[in-house]
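Enquirer: The following block contains the structure, expressed as structure tokens.
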Amino acid sequence: MTSRETVQVNHPRQTIVPVSELQKPRRKVQKASEPSVQPYRRWVQWGFFLLVIWIGIEFFIFVTQLQQGKTPAVDRPPGVEAFLPLSALISLKYWILTGVLNKIHPASVVLLLFILGISLVLKRSFCSWICPIGFVSEWLFNLHKKLFDRPRFLPRWLDYPLRSLKYLLLLFFLKGILVDMNLAALKAFIYSPYNRVADIKMLLFFTNMSETTFWTLVILVLLSILTPHFWCRFLCPYGALLGVISWLSPFKIHRNTATCVDCGKCSRVCPANIQVQRHRVVLSDECHTCLQCVDACPVKDALSVSVTTKKFHLNKKLYPVIIIITFLLFTGVARITGYWQNAISLEEYQYHIQHLHEPEYGH
0 MTSRETVQVN
10 HPRQTIVPVS
20 ELQKPRRKVQ
30 KASEPSVQPY
40 RRWVQWGFFL
50 LVIWIGIEFF
60 IFVTQLQQGK
70 TPAVDRPPGV
80 EAFLPLSALI
90 SLKYWILTGV
100 LNKIHPASVV
110 LLLFILGISL
120 VLKRSFCSWI
130 CPIGFVSEWL
140 FNLHKKLFDR
150 PRFLPRWLDY
160 PLRSLKYLLL
170 LFFLKGILVD
180 MNLAALKAFI
190 YSPYNRVADI
200 KMLLFFTNMS
210 ETTFWTLVIL
220 VLLSILTPHF
230 WCRFLCPYGA
240 LLGVISWLSP
250 FKIHRNTATC
260 VDCGKCSRVC
270 PANIQVQRHR
280 VVLSDECHTC
290 LQCVDACPVK
300 DALSVSVTTK
310 KFHLNKKLYP
320 VIIIITFLLF
330 TGVARITGYW
340 QNAISLEEYQ
350 YHIQHLHEPE
360 YGH
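Taking numbering that gives the first Met the number 0, the leading residue of the sequence shown gets 0, the next gets one more, and so forth.
Printed below as a string of structure tokens:
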């Protein structure tokens, strides 16, 4: 009797069952019992989001009172330098070449190293656990799911070319900084009037928003509602850099084919549209390690964050702990060593704020 032949099984409703199915050993499946880590991820996201809002309010008060000729009632928050990644990269290169970490925007370098470090260990976890833009992108994705019966991702023939755009932007910036700028150019930029007030220029870019900037943001929001994570997936050069770094991470999502029941729940919940159930190891640069796939898996240890399927498993509950402790460690060491606050005095800020429209301060 061949495997294609069938036998009849006595049953009130006579059923024809393939012999191959009768001979197939049944897996002993241990159901997953660990609680979801998503509530903890939400708390971490909200914590960093509110921190960014608080920093923004403080910095707005600081700059506004400077413009009014008053002594600011609040200190300038160093955390605003997280939004100066290009200045941070230039300062990092200068530090590597000279051994000198300048104090124009030292917190920007500290925060860049924190983000790169956490990505080296936990892949692109910054995007799904910390980044405020990533957090807003998730809100828009939730709105997308309410508007449509299911997530509407772009077809592959369009998705892949568009995803390359963020890498082209990344190459443009990396070439300009790492290749084209020599030591003299690095030093000239770091100590230039423009870089000294780059944080203020950034704030004024949004508070004095041009019509072009406004409509560009509106279009990006609309595109993010129609196409999940449009900015993060197709245009963010920071995300592209972290995607490259994430390939070096020893910890990846592994699927144990011996226990996987091929239910497909992992793929259905993935916000990056990764077909998790088709891979033994998730190597995609789009994986943000949000761990929604691990939480959705109904079988214990069928999906895990590990070095291999059998060794060095990283408990998902450690994710928020590692992220928060690493953040506090980097910022704490920076405070202790004097590389958190910048060296620009209040008097110098008052001078710069009065000359922002001069050519040496840029546009």
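C-beta atoms are modelled at their ideal positions from N, C-alpha and C, and glycine is treated no differently.
Run the CB neighbour count on ALA424, radius 10 Å, all protein chains shown included, and call it buried at 16 or more, exposed below.
Expert: There is simply no residue 424 to check, as the chain begins at 0 and stops at 362 in what is shown.
Enquirer: Could you work out which residue in LYS299, ARG254, ILE132 and GLN291 is closest to LYS282 when comparing CA atoms only?
Expert: The residue asked about is misnamed: residue 282 is Leu in this sequence, not Lys. When only C-alpha atoms are compared, the closest one is ARG254.
Enquirer: Taking the alpha carbon of CYS286 as the point to measure from, which residue in ILE199, CYS231, LEU65 and LYS122 has its own alpha carbon closest?
Expert: It is LYS122 whose Cα lies nearest to the Cα of CYS286.
Enquirer: Return the Cβ separation of PHE440 and LEU290 in integer angstroms, given the expectation that the two are a contact with Cβ distance under 8 Å.
Expert: Past the edges of the chain, shown from 0 to 362, lies residue 440, and the structure says nothing about it.
Enquirer: Along the chain, where does the beta strand (DSSP E) that runs through HIS367 open and close?
Expert: Lying outside 0 to 362, the shown extent of the chain, residue 367 is not represented and no answer is given.
Enquirer: Assuming LYS316 contacts VAL36 under a Cβ cut-off of 8 Å, what Cβ separation, rounded to an integer in Å, is found between them?
Expert: Confirmed, Cβ separation roughly 6 Å.
Enquirer: Classify ASN341: buried if its beta carbon has 16 or more other beta carbons within 10 angstroms, exposed otherwise.
Expert: Flag for ASN341 reads buried.
Enquirer: I need the boundaries of the beta strand (DSSP E) containing VAL304, first residue and last residue.
Expert: Segment 302 to 305, the beta strand (DSSP E) holding VAL304.
Enquirer: Is LEU202 near PHE326, with beta carbons less than 8 Å apart?
Expert: No; because the gap between Cβ atoms is not below 8 Å, this pair is not in contact.
Enquirer: State whether the stretch 222 to 239 contacts the stretch 147 to 166, with contact taken as three or more CB pairs (one from each stretch) at a distance under 8 Å.
Expert: These segments touch.
Enquirer: Provide the residue(s) that pair with HIS312 in DSSP beta bridges, ordered along the chain.
Expert: Partner(s): SER305.
Enquirer: Where are the beta strand (DSSP E) runs, 3 residues long or more, that stay fully inside the stretch 95 to 122, in chain order?
Expert: Within the stretch 95 to 122, no complete beta strand (DSSP E) run reaches 3 residues.
Enquirer: Is VAL298 helix, strand or coil when you go by DSSP?
Expert: Strand at VAL298.
Enquirer: Could you tell me the boundaries of the alpha helix (DSSP H) in which ASN141 lies?
Expert: ASN141 -> alpha helix (DSSP H) spans 131 to 146.
Enquirer: What residues are listed by DSSP as bridge partners for VAL280?
Expert: Note: VAL280 sits in a beta bridge opposite HIS253.
Enquirer: Considering PHE58, what are the terminal residues of the alpha helix (DSSP H) in which it resides?
Expert: 37 to 66 is the span of the alpha helix (DSSP H), which, as asked, contains PHE58.
Enquirer: Would you report the Cα separation of ILE273 and SER266, rounded to the nearest angstrom?
Expert: Approximately 6 Å between the Cα atoms of the pair.
Enquirer: For PHE134 versus GLN66, is the C-beta distance shorter than 8 Å?
Expert: It is not a contact, given that the beta carbons lie outside the stated cut-off.
Enquirer: I need the straight-line Cα distance from VAL217 to ILE95, nearest angstrom please.
Expert: Computed Cα separation, rounded: 40 Å.
Enquirer: Alpha carbon to alpha carbon, how far is PRO160 from PHE152? Give it in angstroms, no decimals.
Expert: The straight-line gap from Cα to Cα measures roughly 14 Å.
Enquirer: If you run the structure through DSSP and keep just helix, strand and coil, what is HIS287?
Expert: HIS287 falls in the coil class under three-state DSSP.
Enquirer: Hey, how far is the Cα of THR288 from the Cα of ASP198?
Expert: So the two alpha carbons sit approximately 30 Å from each other.
Enquirer: What residue range does the alpha helix (DSSP H) around VAL332 cover?
Expert: Per DSSP, VAL332 belongs to the alpha helix (DSSP H) from 317 to 336.
Enquirer: For LEU111, which residues from the same chain have a beta carbon less than 6 Å from its beta carbon, with the 5 sequence-adjacent residues on both sides left out?
Expert: Counting only Cβ-Cβ distances below 6 Å, and skipping sequence neighbours, we find ALA87.
Enquirer: Can you list, in chain order, the residues of its chain whose CB lies under 7 Å from that of PRO24, leaving out five sequence neighbours each side?
Expert: Per-residue confidence for PRO24 stands at a pLDDT of 47, beneath the threshold of 50, marking its modelled position as unreliable; the derived number appears in the next sentence. Around PRO24: no qualifying Cβ.
Enquirer: Can you find the residues in the same chain that come closer than 6 Å, C-beta to C-beta, to ASP284, ignoring five residues on each side of it along the sequence?
Expert: For ASP284, where only same-chain residues beyond five positions count, the Cβ hits under 6 Å are GLY242.
Enquirer: Straight-line CA distance for PHE48 to PRO77?
Expert: About 16 Å.
Enquirer: Determine whether the beta carbon atoms of ALA301 and CYS269 lie at a separation below 8 Å.
Expert: Against a cut-off of 8 Å, the Cβ pair of CYS269 and ALA301 comes out as no contact.
Enquirer: How many whole angstroms separate the CB atoms of LYS92 and ILE176, which I take to be in contact at a CB cut-off of 8 Å?
Expert: Right, the Cβ-Cβ distance comes to about 6 Å (below 8 Å), so this counts as a contact.
Enquirer: Leaving out five residues on either side along the sequence, give the residues of the same chain with a beta carbon under 7 Å from the beta carbon of HIS351.
Expert: So the list reads PRO192, ARG195 and VAL196, once near-sequence residues are dropped.
Enquirer: Are the CB atoms of ILE117 and PHE188 within a distance shorter than 8 Å?
Expert: Result no, Cβ atoms of PHE188 and ILE117 do not sit closer than 8 Å.
Enquirer: Identify which residue in PRO249, VAL220, GLY361 and HIS356 has its Cα closest to the Cα of LYS310.
Expert: Closest by alpha carbon: PRO249.
Enquirer: Kindly indicate which three-state DSSP category TYR190 falls into: helix, strand or coil?
Expert: Reduced to three states, the DSSP call for TYR190 is coil.
Enquirer: Is HIS351 helix, strand or coil when you go by DSSP?
Expert: It is helical.
Enquirer: Tell me the DSSP secondary structure of ALA239 in three-state form.
Expert: Three-state DSSP puts ALA239 in a helix.
Enquirer: Since SER136 contacts TRP42 with CB under 8 Å, what's their CB separation in whole angstroms?
Expert: Wrong, their Cβ atoms sit about 18 Å apart, outside the cutoff.
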